[in-house]
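> Protein sequence lines, in the order shown, are assigned to chains A and B.
Counting from 117, one number per residue, gives the positions in the first sequence under our numbering.
Counting from 2, one number per residue, gives the positions in the second sequence under our numbering.
Input: one structure, supplied below.
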Amino acid sequence: MSREEHNKWAYSIPGKLALNYIYYLGDFNTKFFTELRDNKRILGVKCPKCNRVYMPPRSVCGRCLSKLDEWVELSDKGTLLSYTVVNYSEPYQPTAPPIVYGIIKLDGADTGFTHLLSEVDAEKLRIGMRVQAVFKDKREANIQDIKYFKPI
Amino acid sequence: MVKKNRNVAIVGVGQTYHKRRRPDVTQVELINEAVRAALKDAQLDIADVDVVVHGNMELFEGTYQGDMWHVDGDGAYMKSGIRITTGGTTGGTLVCATDNIVTSGLYDVALCIGFEKMEEGEATGGITGMADPLWFRWMMSGALSGASFAERLEALTMEQLERLELVAAKLRVQLADNAARNPYAHLRMKLTIDDVMNSRLLVYPLRLLHMCPESSGACALILASEKKAERITDKPVWIKDHVTTHLEDFVVGVITEAESTMRRCARKLYERNKITNPLKQIDTFEMYDPNVWWHMDWMTEFLFLKPGENIEMIAKGKTALEGDFPINASGGVVSTNPIGATAMLRVAEAALQIRGDAGEHQIPKEVNTAMASSFGGSTWSILNLLTKEKPM
Ligand SMILES: [Zn+2]
């Protein structure tokens, strides 16, 4: 039975909780996003104990709990570790379908991170393909300052 | 006496400097500050910890599965873990559950963390989600609802009311003085009785300065089994017992309950631990006091006081830091309130008092037994009983 049919005999109360949130970047992440916005530079951070370069960077190494402050400039080019193609539409999605999500490991980093891929034929997506960041012209110090990654 | 499989002690205490806003850190980094402090206090490495128990208020920061998101900061990477949320009592429940986990024999060393970054969400909006949508959600006013004073206030003369307001103000000034001696407290302001009496009226007789603030902060405790605890520290604080009591939630009929959850909780704790005179057998009480009126009321409930005895005790300074029975030497919840951490801070502060490590707000008399309460909607109560002496 559909919701419309249910509503003919079952009374209901529509509910909506509108909650506003604001998330602070903190001093550490502010550095990353300032560099991204002002200089189109992508910074990773290196754990002195684990020797791992993290992207996204973080101020604490989850594996050994070391404090991290050794910034490493990463390339805007990287390798596609995995991908998926979304063909349906939902109000929370960042763009209209088809949407290509990829996990990209930037040159110089040891970890991959998820972002969008564009200017790409979905049929031609391959794990291991080389990609490059495309930056927004008007950047606002958030992760969408990288518009998407495109194949090179 | 409650039967425990083995004794459990608090071996590490950590907390952040609590503030209204912490834009300099993320949630992960805020939690990490408390975790780091607790590990340092216990002189342990994160590798020594077997399990991480994590908690805060649902909806407050709009984070789903926060325990997973916060792994980088809380040290839970590749460890066992569980997330617990029980509203205002969360911090107390975290201690009870972690005690149960360790006493059961499942794990030897456990880290529990309560936090709230209240600046990042809408507390009142979040609390609204607890009201039944069929009956009460449309009229929720968050933490300020509650007409439980009405039946008592109506019975008082104008003179009696004025005296009560004066005692409430004196209590608030006393708690502010305590908080001024606690470097971690959020509101550390010098208050006068006039400041309190003239602050904005919220819900009669509750004024703005009677009420707790919204804070951002975290608390972390490390609990260990008896054998481990004695190896880790020469000042273990034993968790002797804890009791949790609830009412039927969301039902108007609760008003007719004969006994409050506070009284019932205390009755059970006292019976199990042969406490017949709490004012003599307990040395200090860290109470979850969301406002000074409840502080005054709940003294009577938790401590089985005679009518008017609470007012008498406050007026004579008996609950002050130097008094016979200090309550909230830390400054209490009216001074510091990062909700998911608030109830755990009561236990943490009680433990520091037993250790003698509270610093400037250390109670001058000897503290061997301390009690800590938790409060949450709708009038959940938890009591934790801590001792310097190892339980039998
Ligand atoms: Zn590391």
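For every residue, glycine included, the Cβ atom is placed at its ideal position computed from N, Cα and C.
Quantities reported herein were computed from a predicted structural model and do not represent experimental measurements.
1) Tell whether a beta-carbon distance below 8 angstroms holds between Asn183 (chain B) and Glu117 (chain B).
2) Return the chain-ordered ranges of every beta strand (DSSP E) run that is complete within the region 19 to 72 of chain B and spans a minimum of 3 residues.
3) Given a cut-off of 8 angstroms, decide if Pro134 (chain B) and Ile129 (chain A) are closer than it, judged by their beta-carbon atoms.
4) Apart from the five residues just before and just after Leu280 (chain B), which ones in its own chain have a Cβ nearer than 6 angstroms to its Cβ?
5) Just to make sure I have the definition right: I need the residues of chain B whose C-beta is within less than 9 angstroms of the C-beta of Asn123 (chain A). Which are they?
6) Against chain B, with Cβ distances strictly below 8 angstroms, would Gly178 (chain A) count as a contact?
7) Quick check on this structure: which residue in B:Ser382, B:Leu386, B:Ile364, B:Ala359 has the alpha carbon closest to the alpha carbon of Ile370 (chain B)?
8) Between the region 153 to 174 of chain A and chain B, which residues of the former have CB atoms less than 7 angstroms from a CB of the latter, in chain order?
9) Please write down, chain order preserved, every residue whose beta carbon lies under 6 angstroms from a heavy atom of ligand 3.
10) Mind checking if Leu133 (chain A) is an interface residue toward chain B, Cβ cutoff 8 angstroms exclusive?
11) Looking only at its own chain, which residues have a Cβ that is under 6 angstroms from the Cβ of Ala344 (chain B), when we skip the five neighbours before and after it?
12) Using the rule of at least 16 other Cβ atoms within 10 Å of the residue's Cβ for burial, across every protein chain shown, is Gly74 (chain B) buried or exposed?
13) Strictly under 8 angstroms for the Cβ-Cβ distance: is Tyr208 (chain A) near chain B by that measure?
14) Kindly indicate if chain B contains any beta-carbon less than 8 angstroms away from that of Asp185 (chain A).
15) Could you round the C-beta distance between Pro339 (chain B) and Arg21 (chain B) to whole angstroms and report it? I think they count as a contact, below 8 angstroms.
16) Quick one: using the 10 Å Cβ neighbour count with 16 as the cut-off for buried, is Ala148 (chain B) buried or exposed?
17) Under three-state DSSP, which class holds Asp242 (chain B)?
18) Can you tell me the Cβ-Cβ gap for Ala321 (chain B) and Thr17 (chain B), rounded? I've got them flagged as a contact below 8 angstroms.
19) Can you give me, in chain order, the residues of the region 109 to 126 of chain B that have a beta carbon less than 7 angstroms from any beta carbon in chain A?
20) Would you kindly work out how many angstroms separate the C-alpha atoms of Glu160 (chain B) and Leu154 (chain B), rounded to a whole number?
21) At a Cβ threshold of 8 angstroms, is Ile138 (chain A) touching chain B?
22) In the structure shown, what three-state DSSP assignment does Val103 (chain B) receive?
23) Does any C-beta atom of chain B lie closer than 8 angstroms to the C-beta of Gly142 (chain A)?
24) Just to confirm my understanding: we take Glu189 (chain A), look at its own chain, exclude 5 residues before and 5 after, and list those with CB closer than 7 angstroms. What are they?
25) Grab me the residues of Gly318 (chain B)'s own chain with a C-beta within less than 7 angstroms of its C-beta, minus the 5 sequence neighbours each way, in chain order.
26) Which value, in whole angstroms, describes the spacing of the CA atoms of Glu163 (chain B) and His211 (chain B)?
27) Give a yes or no on whether the C-beta atoms belonging to Val26 (chain B) and Gly228 (chain A) are separated by under 8 angstroms.
28) Could one say the Cβ of Ile219 (chain A) lies closer than 8 angstroms to chain B's Cβ atoms, at least one of them?
29) If you run the structure through DSSP and keep just helix, strand and coil, what is Met119 (chain B)?
30) Using a 10 Å radius around the Cβ and a threshold of 16 neighbouring Cβ atoms, would you call Asp358 (chain B) buried or exposed?
31) Taking Cβ positions only, does Leu135 (chain B) come closer than 8 angstroms to chain C?
32) Going by beta-carbon coordinates alone, are Gly76 (chain B) and Asp42 (chain B) separated by less than 8 angstroms?
33) Name the chain A residues that come within less than 9 angstroms of Tyr65 (chain B), Cβ to Cβ?
34) Going by DSSP, what residue range makes up the alpha helix (DSSP H) through Ser133 (chain A)?
35) Straight-line CA distance for Trp139 (chain B) to Ala134 (chain A)?
36) Name, please, each residue of chain B whose Cβ falls closer than 8 angstroms to the Cβ of His258 (chain A).
Here's the rundown:
1) The count along the second sequence starts at 1 and reaches residue 183 (chain B) at position 182. The count along the second sequence starts at 1 and reaches residue 117 (chain B) at position 116. Their beta carbons are not under 8 angstroms apart, which means Asn183 (chain B) does not touch Glu117 (chain B) by this criterion.
2) 52 to 56
3) As a position in the first sequence, residue 129 (chain A) is number 13, starting the count at 1. As a position in the second sequence, residue 134 (chain B) is number 133, starting the count at 1. Contact flag set, yes.
4) Residue 280 (chain B) sits at position 279 when you count from the first residue of the second sequence. Hits under 6 angstroms: Phe326.
5) Taking the first residue of the first sequence as position 1, residue 123 (chain A) is located at position 7. Correct list: empty, because the minimum Cβ distance to chain B is about 16 angstroms.
6) One-based indexing of the first sequence puts residue 178 (chain A) at position 62. Interface residue, yes.
7) On the second sequence, position 369 is the one that residue 370 (chain B) refers to. A small fix is needed here, since residue 370 (chain B) is Thr in this sequence, not Ile. Per the Cα distances, B:Leu386.
8) Arg174
9) As for ligand 3, it is missing from this structure, which binds only ligand 1.
10) Position 17 of the first sequence, counting from 1, holds the residue named residue 133 (chain A). Yes, Leu133 (chain A) lies at the interface with chain B (some Cβ there is under 8 angstroms from its Cβ).
11) Your numbering for residue 344 (chain B) matches position 343 in the second sequence. Excluding positions up to five away in sequence, the list reads Thr90, Gly92, Gly93, Tyr289, Ser375.
12) Position 73 of the second sequence holds residue 74 (chain B). Label assigned to Gly74 (chain B): buried.
13) By one-based count along the first sequence, residue 208 (chain A) stands at place 92. Not closer than 8 angstroms to any Cβ of chain B, the Cβ of Tyr208 (chain A) fails to qualify, so no.
14) Here residue 185 (chain A) refers to the residue found at position 69 when the first sequence is read from its first residue. Asp185 (chain A) does not count as touching chain B.
15) By one-based count along the second sequence, residue 339 (chain B) stands at place 338. By one-based count along the second sequence, residue 21 (chain B) stands at place 20. In fact, because the Cβ distance is near 10 angstroms, the residues do not count as touching under 8 angstroms.
16) Here residue 148 (chain B) corresponds to residue number 147 of the second sequence, with the count starting at 1. Bear in mind that the predicted position of Ala148 (chain B) carries a pLDDT of just 45, short of 50, making it too unreliable to give a figure here.
17) Translated into positions along the second sequence, residue 242 (chain B) becomes position 241. Correct three-state label for Asp242 (chain B): strand.
18) Position 320 of the second sequence, counted from the first residue, corresponds to residue 321 (chain B). Position 16 of the second sequence, counted from the first residue, corresponds to residue 17 (chain B). About 26 angstroms; that fails the 8 angstroms criterion.
19) Taking 7 angstroms as the upper bound on Cβ-Cβ separation, chain A lies near residues Glu121, Gly122, Glu123, Gly126 of the region 109 to 126 of chain B.
20) Walking along the second sequence from the start, residue 160 (chain B) turns up at place 159. Walking along the second sequence from the start, residue 154 (chain B) turns up at place 153. C-alpha of Glu160 (chain B) to C-alpha of Leu154 (chain B): approximately 12 angstroms in a straight line.
21) On the first sequence, residue 138 (chain A) is found 22 positions in, with the first residue counted as 1. So yes, Ile138 (chain A) belongs to the interface.
22) Against the second sequence, residue 103 (chain B) aligns to sequence position 102. DSSP places Val103 (chain B) in helix when its eight states are reduced to three.
23) Taking the first sequence and counting its residues from 1, the one referred to as residue 142 (chain A) is at position 26. At least one chain B Cβ lies under 8 angstroms of Gly142 (chain A).
24) Counting from one through the first sequence, the residue named residue 189 (chain A) turns up at place 73. Answer for Glu189 (chain A): Arg157, Leu159, listed in chain order.
25) Reading the second sequence from its first residue, position 317 is the one you call residue 318 (chain B). Excluding positions up to five away in sequence, the list reads Gly324.
26) By one-based count along the second sequence, residue 163 (chain B) stands at place 162. By one-based count along the second sequence, residue 211 (chain B) stands at place 210. In a straight line, the C-alpha of Glu163 (chain B) is about 15 angstroms away from that of His211 (chain B).
27) Position 25 of the second sequence, counting from 1, holds the residue named residue 26 (chain B). Position 112 of the first sequence, counting from 1, holds the residue named residue 228 (chain A). No; because the gap between Cβ atoms is not below 8 angstroms, this pair is not in contact.
28) As a working mapping, residue 219 (chain A) is identified with position 103 in the first sequence. So, not an interface residue.
29) Numbered from 1 along the second sequence, position 118 holds the residue referred to as residue 119 (chain B). Met119 (chain B) falls in the helix class under three-state DSSP.
30) On the second sequence, position 357 is the one that residue 358 (chain B) refers to. With fewer than 16 other Cβ atoms within 10 Å, it is exposed.
31) As a matter of chain content, chain C is missing from the structure shown, whose protein chains are A and B.
32) Taking the first residue of the second sequence as 1, we reach residue 76 (chain B) at position 75. Taking the first residue of the second sequence as 1, we reach residue 42 (chain B) at position 41. In this structure, Asp42 (chain B) does not lie closer than 8 angstroms to Gly76 (chain B) by Cβ.
33) Here residue 65 (chain B) refers to the residue found at position 64 when the second sequence is read from its first residue. Simply none; closest approach about 12 angstroms.
34) Your numbering for residue 133 (chain A) matches position 17 in the first sequence. The residue you asked about is not Ser; residue 133 (chain A) is Leu in the sequence shown. Element bounds for Leu133 (chain A): n/a, residue is neither H nor E.
35) By 1-based counting over the second sequence, the position of residue 139 (chain B) is 138. By 1-based counting over the first sequence, the position of residue 134 (chain A) is 18. Approximately 13 angstroms, taken between the alpha carbons.
36) Walking along the first sequence from the start, residue 258 (chain A) turns up at place 142. Contrary to the premise, residue 258 (chain A) reads as Asn rather than His in this sequence. Those do not exist, as Asn258 (chain A) stays about 14 angstroms from chain B at its closest Cβ, beyond 8 angstroms.
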